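S.K.: Mind having a look at this structure? Questions to follow.
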Amino acid sequence: MAEYSAFSLLKNALSGNRDWKPAWRKPSPKASYDVVIIGGGGHGLSTAYYLAKEFGITNVAVLEKGYLGSGNVGRNTTAVRSNYLLPQNTRFYEHSMKMWENLSHDLNYNVMFSQRGVLNLAHTPGQLDDLARKGNAMRHLGVDAELMTPAEIGRRVPGLDMSQQARFPIYGGLMQERAGTARHDAVAWGYARGADRRGVDIIENCEVTGFLRDGDRVTGVSTSRGEIRARKVAVAVAGSTGRVMQLAGIDRMPIESHVLQAFVSESLKPFLDTVLTFGMGHFYVGQSDKGGLVYGGDLDGYNSYAQRGSLPIVEEVMSEMLALFPSLAPVRVLRSWGGVCDMSMDGSPIITTGPLPGMYLNCGWCYGGFKATPASGFCFAHTIAKDAPHEFNAPFTLDRFSRGTVIDDKGQGPTPRMH
Amino acid sequence: MLITCPYCGPRDVSEFAYQGDGNRTRPDPASTDPEAWNAYVYDRLNPAGLHNEIWQHAGGCRAHLAVVRDTLTHEISSVRFAREHGAPAHGRRKPGAKA
């Protein structure tokens, strides 16, 4: 398959764009593989890519129940950042950020990574102190963070209500300039193409219906397209973790599935060149290159596997947007949707060997999985290839809850809907 | 989503506070079994389908409710007072029971 380049664009344009090849093959599943990855989302695809590229394991299949990009990798609000408080999280997400910075070149696929900054707003002096503490923790680990005054914020985001009459007046904010957004579909497609070119079979419309076992050991999966044996079976299914682990006989996990809604407005002229988060509720907004505002808020708040949300949250999200930008009141919503999030008990992910022999588990992304896509795939591939975690995912074990080493960035406790 | 409170009748979901998985039972407070406490605090049944869960009618009669809801369709098949549902927590009497 040809490299994408300015030359190939020009050549294909001149020949009427008739010679483009599909970005990945549509193979039938083989009887066995070295590694089978369940879940063709961002994390499953990037795991396959790094298994092939970094660890030389190419006899790999990625099984996707629907079509590529139909799950959370195509449903998130595209923000990429590494502004965490706790060092375990900061190191991992900063590694991811460094991978994002070179991802388009690495994949030979334009993921439209745009470092337009992520700005967290503070609405009380106490909240600003808290952001300063977080910024200092980040800078201590070499991550960029900058405290901004209201005057600086007003210049950077002209549409914001900076007056003292605002519903929640703005006292300042914490900016990570290297953070930003990426085109989420392109991330899925780029990883799929990169993995496929290295020999990975990407098998769509292939639902896992059970696990093949030899005693305790997992030796493969049964699927809607037949049985597939594998030396190693990796699970990267985000919101469906509960369902898939149940097939393996594991009923209880430190995970709850919740639905998170996202919204896109009609296209507007460029007026917001950063990603903004509200401090007096849960709200975040960016503007896509097409001009639509991409925004979201809190979870619906109760267990859900339905990929759609309910109206009380719609109302809350809209009111939070208007508290920041009163001028957006006449703007119409173009569409909204929901994605199922695997909320962990401490708000941090799980990337580990086990819990059964022959099985590897990647889950607990809450609503922060998109920005982790490169590092999650890299660390998971390392864990699968070497049967041991990489230093960046070593803290993200499944047994950290019983061992008392939880990584609770928000200090929220085991109430997943609050993370 | 509407939840039919046995006391107040059908009310909007925004009147209710969600308290999660209703399948957990708190171990005896005197228990020093770390596995039992770990299971109570951190492990959840997370079914795609019928889910036993606890809600409180926080914006109404404030009763705690044991609800059976389908997590795929949000259809509610049963709402009862939590006090009438299942065994009381360790150290608590069933309502109406003699001390």
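Residue numbers (the UniProt record's numbering), protein chains in the order written: chain A, 1 to 419; chain B, 1 to 99.
By construction, the Cβ of each residue, glycine as well, lies at the ideal position given by its N, Cα and C atoms.
Just so you know, these numbers come straight off a predicted model, no measurement behind them.
#1: Name the DSSP beta bridge partners of residue 174 of chain A, please?
#2: If we ignore side chains and look at the alpha-carbon of each, how far apart do residue 24 of chain B and residue 112 of chain A end up?
#3: Does the CB of residue 195 of chain A have a neighbour CB from chain B at under 7 Å?
#4: If contacts are defined as beta-carbon pairs under 8 Å, then residue 362 of chain A and residue 236 of chain A qualify, I think. What distance do you get, rounded to the angstrom?
#5: Of the residues A:164, A:165 and A:150, which one's Cα is nearest the Cα of residue 158 of chain A?
#6: Hey, how far is the Cα of residue 207 of chain A from the Cα of residue 28 of chain A?
#7: So is residue 14 of chain A buried or exposed if we call it buried at 16+ other beta carbons inside 10 Å?
#8: I'd like the list of long-range same chain contacts for residue 231 of chain A, defined as Cβ closer than 6 Å, with 5 residues on each side in sequence excluded.
#9: Say whether chain A places a C-beta atom closer than 7 Å to the C-beta of residue 100 of chain B.
#10: What number of angstroms, rounded off, separates the C-alpha of residue 240 of chain A from the C-alpha of residue 305 of chain A?
#11: With 16 as the cutoff for other CB atoms within 10 Å, does residue 89 of chain A come out buried or exposed?
#12: With H, G and I counted as helix, E and B as strand and the rest as coil, what does DSSP make of residue 55 of chain A?
#13: Indicate whether residue 40 of chain B and residue 301 of chain A have their beta-carbon atoms separated by less than 7 Å.
#14: Anything in the region 336-362 of chain A with a Cβ closer than 8 Å to a Cβ of chain B? List those residues in chain order, please.
#15: Specify the secondary structure class of residue 181 of chain A as computed by DSSP and reduced to three states.
#16: Going by the CB atoms, is the gap between residue 147 of chain A and residue 278 of chain A shorter than 7 Å?
#17: So, is residue 164 of chain A buried or exposed, given that buried needs 16 or more other C-beta atoms within 10 angstroms?
#18: Note down, in chain order, each residue of its chain lying with its Cβ closer than 7 Å to the Cβ of residue 72 of chain A, except the 5 sequence neighbours on either side.
#19: Considering only DSSP beta bridges, list what residue 263 of chain A is partnered with.
#20: Assign residue 271 of chain A to one of three DSSP states: helix, strand, or coil.
#21: Take the Cβ of residue 24 of chain A as the centre, count every other Cβ of all protein chains shown within 10 Å, and call the residue buried at 16 or more, exposed below.
#22: Which of helix, strand or coil does DSSP assign to residue 19 of chain B?
#23: Would you mind sorting residue 92 of chain A into buried or exposed? The rule is 16 or more other CB atoms within 10 Å of its CB.
#24: Anything in the region 247-277 of chain A with a Cβ closer than 9 Å to a Cβ of chain B? List those residues in chain order, please.
#25: Please list the partners that residue 303 of chain A has in chain B, where partner means a Cβ-to-Cβ separation under 9 Å.
#26: Quick one: grab the DSSP three-state call for residue 201 of chain A.
#27: Please confirm whether residue 417 of chain A and residue 299 of chain A have their CB atoms less than 7 Å apart.
#28: Among A:307, A:280 and A:328, which has the Cα closest to the Cα of residue 292 of chain A?
#29: Assign residue 354 of chain A to buried or exposed, taking buried as 16 or more other Cβ atoms, counted over all protein chains shown, within 10 Å of its Cβ.
#30: Who are the near neighbours of residue 2 of chain B in its chain, counting only those whose CB is closer than 6 Å to its CB and skipping five residues on each side?
#31: Any beta carbon from chain B within less than 7 Å of residue 306 of chain A's own beta carbon?
#32: By Cβ distance, which residues of its chain are closer than 7 Å to residue 181 of chain A, with the 5 residues on each side in sequence left out?
#33: By how many angstroms is the C-alpha of residue 36 of chain A removed from the C-alpha of residue 226 of chain A?
#34: In angstroms, rounded to a whole number, what distance separates the CA positions of residue 136 of chain A and residue 396 of chain A?
#35: Nearest to residue 63 of chain A by alpha carbon, out of A:205, A:95 and A:22?
#36: Using CA atoms only, rank isn't needed, just tell me which of A:358, A:68, A:349 and A:61 is closest to residue 401 of chain A.
M.R.: Let me lay it out:
#1: Residue 174 of chain A is bridged by DSSP to A:120 and A:147.
#2: Distance from the CA of residue 24 of chain B to the CA of residue 112 of chain A, rounded to the nearest whole angstrom, comes to 46 Å.
#3: Not one chain B Cβ lies under 7 Å of residue 195 of chain A.
#4: About 4 Å separates the beta carbons of residue 362 of chain A and residue 236 of chain A, which is inside the 8 Å limit, making them a contact pair.
#5: The candidate whose alpha carbon is nearest that of residue 158 of chain A is A:150.
#6: Going from the Cα of residue 207 of chain A to the Cα of residue 28 of chain A covers about 13 Å.
#7: By the neighbour-count rule (16 or more Cβ atoms within 10 Å), residue 14 of chain A is not buried but exposed.
#8: Within the same chain, and ignoring the five residues on either side of residue 231 of chain A in sequence, the residues whose Cβ sits closer than 6 Å to its Cβ are 34.
#9: Lying before the first or after the last residue shown, residue 100 of chain B is absent from chain B, which here runs from 1 to 99.
#10: C-alpha separation (whole angstroms): 8 Å.
#11: Per the 10 Å Cβ criterion, buried.
#12: Assignment of residue 55 of chain A by DSSP, reduced to helix, strand and coil, places it in the helix class.
#13: Not closer than 7 Å, so no.
#14: Residues passing the 8 Å Cβ filter: 345.
#15: In the structure shown, residue 181 of chain A sits in a strand (DSSP, three-state: E or B).
#16: Contact check for residue 278 of chain A against residue 147 of chain A fails: the beta carbons are separated by 7 Å or more.
#17: The residue is exposed, with fewer than 16 neighbouring Cβ atoms inside 10 Å.
#18: Sequence-distant partners of residue 72 of chain A (beyond 5 residues in either direction) whose C-beta falls short of 7 Å from its own C-beta, in its chain, are 41, 238, 239, 339 and 369.
#19: The partner list for residue 263 of chain A (beta bridge, DSSP) reads A:295 and A:336.
#20: Of the three classes helix, strand and coil, the one that applies to residue 271 of chain A here is coil, per DSSP.
#21: By the 10 Å Cβ count, residue 24 of chain A comes out buried.
#22: Residue 19 of chain B carries a strand assignment under DSSP once its states are collapsed to helix, strand and coil.
#23: Residue 92 of chain A is classed as buried because its beta carbon has at least 16 other beta carbons within 10 Å across all chains shown.
#24: So the list reads 251, 252, 253, 254, 255, 256 and 257, given in the order they occur along the chain.
#25: Those within 9 Å of residue 303 of chain A in chain B are 18, 20, 21, 44, 46, 47, 51, 53, 69 and 71.
#26: Under the three-state reduction of DSSP, residue 201 of chain A is assigned to strand.
#27: Yes, they are a contact pair.
#28: Nearest in C-alpha terms to residue 292 of chain A, of all of A:307, A:280 and A:328, is A:328.
#29: Residue 354 of chain A should be labelled exposed.
#30: So the list reads 10, once near-sequence residues are dropped.
#31: Closer than 7 Å to the CB of residue 306 of chain A there is at least one CB belonging to chain B.
#32: Only 78, 79, 80, 114, 116, 275 and 286 meet the Cβ criterion.
#33: Distance between residue 226 of chain A and residue 36 of chain A, taken at the CA atoms: about 13 Å.
#34: In a straight line, the C-alpha of residue 136 of chain A is about 23 Å away from that of residue 396 of chain A.
#35: Ranking A:205, A:95 and A:22 by Cα distance to residue 63 of chain A puts A:205 first.
#36: Of the candidates A:358, A:68, A:349 and A:61, the residue whose Cα lies closest to the Cα of residue 401 of chain A is A:349.
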